[in-house]
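S.K.:
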Amino acid sequence: MTGKKALRALCAGLFGLLLWSAGALADPRNLLLTDGDGAEHSIPVAQLVARFGERTMTVFDPQYDAVRSYRGVPLRPVLESFGMSGEALILECIDGYRIALPAQLLADPDLEPLLALGDAAPSPGHNWLLYPHGREVVDFDPFYLVWGLRDTSPEDAQHDTRVERLPWPYQLTRVVPEADYLPPTPDASASAAVRLGHSTYVDHCLKCHSLAGRGGALGPPLDRPGGMVLSLQDAQLRQLIQRVTDYFPRTKMPVYEETLQAGELDGLVSYLRWTLAASPEA
């Protein structure tokens, strides 16, 4: 470990010890971080607020399709204090959902990410306005990542195409480096279809499914022995991806019939076959 990294680790440890006595037990929620050195950090809400301050932000929230106000701590200084601000990151949620937080979003001065702790004016007994999630109704504890647009009102942000493309994960619990999460990458000898399929997989599948032990955990691993990918023929696999609700009506997986073009769908199947063929257990 370099001197700079050792100093950063020492400061992070002292920060935790000094603030624990300031009421960290008042709120059981912890933010879990894995920094670039692989060190694990568990930071209670009280420490986050004491170190980085709490603010209120009003945003256009695409989850609710409405303007809403939240209280929370700014995300950038939290990441900077653990040496994670220049990295591509992965945001992990309680149910296993995972989504990328590209480094360029954190570097964009027009974006203001807030690690929300609750509604700015919550109703009695609730941190959040309850939200329909599939067939369930959930709150957003422990954390919810929301975004403000600098010099853009929440009302105008409603019509800004950037808003829908930003990650808005709720029930957020952990932040880890992206390198620990990415699936197998095709080498130069792979076909164009496989390389396109890799890109399609990262964009649409990685947040919920895993390959080679890397990816989301909301859905089943796609290389699981006896699973659908191994059991189905290519044409059947395409049909499953396009209209999964025809096979599993209660699934949380979206329908991709109109989302994926034919070339993307073919590439995705090619990439899955390539990954399984490259696996030592295949």
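Mature numbering (1 follows the signal peptide of the UniProt record, and there is no 0) puts the sequence shown at residues -26 to -1, 1 to 256.
In this text, a Cβ means the ideal position worked out from N, Cα and C, and glycines have one as well.
Just so we're clear, the structure is a prediction, and the values are computed from it rather than from any experiment.
(1) Does the region 100 to 118 come close enough to the region 156 to 175 that 3 or more CB-CB pairs lie under 8 angstroms?
(2) Can you check the region 162 to 218 for any alpha helix (DSSP H) of at least 4 residues that lies completely inside it and give the ranges in chain order?
(3) Residue 247 to residue 76, Cα distance in whole Å?
(4) Where residue 196 and residue 223 are concerned, what is the direct C-alpha to C-alpha distance, given to the nearest angstrom?
(5) Grab the span of the beta strand (DSSP E) containing residue 32 for me, first residue to last.
(6) Under 8 angstroms, do residue 116 and residue 71 count as touching if we go by C-beta distance?
(7) Residue 14 to residue 26, Cα distance in whole Å?
(8) Look up residue 71 in the DSSP assignment and say whether it is helix, strand or coil.
(9) Please confirm whether residue 123 and residue 134 have their CB atoms less than 8 angstroms apart.
(10) Where does residue 38 land, buried or exposed, given buried means 16+ other C-beta within 10 angstroms?
(11) What separation, rounded to the nearest whole angstrom, lies between the Cα atoms of residue 127 and residue 30?
(12) Note the first and the last residue of the continuous alpha helix (DSSP H) segment covering residue 102.
(13) In three-state DSSP terms, what is residue 117?
(14) Please classify residue 238: is it buried, with 16 or more other beta-carbons within 10 angstroms of its beta-carbon, or exposed?
(15) According to DSSP, is residue 44 helix, strand or coil?
(16) From residue 192 to residue 181, what does the alpha carbon distance come to, in whole angstroms?
(17) Look at the Cβ atom of residue 68, then the Cβ atom of residue 150, and state whether they are nearer than 8 angstroms.
(18) Counting pairs of Cβ atoms below 8 angstroms between the region 93 to 101 and the region 172 to 189, do you hit three or more?
(19) Once the 5 residues before and after residue 23 are set aside, which same chain residues still bring their CB inside 7 angstroms of it?
(20) Just to confirm, are residue 59 and residue 80 a CB contact at a threshold of 8 angstroms?
(21) State the DSSP-derived secondary structure class of residue 60, mapped to helix, strand or coil.
M.R.: Quick answer:
(1) These segments do not touch.
(2) Counting only runs of 4 or more, we get 166 to 178, 202 to 205 and 208 to 216.
(3) Whole-angstrom Cα-Cα distance: 27 angstroms.
(4) Straight-line Cα distance between these residues: approximately 19 angstroms.
(5) Per DSSP, residue 32 belongs to the beta strand (DSSP E) from 29 to 35.
(6) No, the Cβ-Cβ distance between residue 116 and residue 71 is not below 8 angstroms.
(7) The C-alpha of residue 14 lies about 19 angstroms from the C-alpha of residue 26.
(8) In the structure shown, residue 71 sits in coil (DSSP, three-state: anything other than H, G, I, E or B).
(9) Residue 134 is positioned such that its CB atom lies closer than 8 angstroms to that of residue 123.
(10) The residue in question, residue 38, is exposed, as its Cβ has fewer than 16 Cβ neighbours within 10 Å.
(11) Their backbone Cα atoms lie some 14 angstroms apart in a straight line.
(12) According to the DSSP assignment, residue 102 belongs to no alpha helix (DSSP H), since it is labelled neither H nor E.
(13) DSSP places residue 117 within a strand segment (E or B) once states are collapsed to three.
(14) Residue 238 should be labelled buried.
(15) It is a strand residue.
(16) Inter-residue distance for residue 192 and residue 181 is about 8 angstroms (C-alpha atoms, whole angstroms).
(17) Judged by beta-carbon spacing, residue 150 lies beyond the 8 angstroms limit of residue 68, meaning their Cβ atoms are not closer than that value.
(18) Contact fails: fewer than three Cβ-Cβ distances are below 8 angstroms.
(19) Only 47 meet the Cβ criterion.
(20) For residue 59 and residue 80, yes; Cβs fall inside 8 angstroms.
(21) Here residue 60 sits in coil by DSSP.
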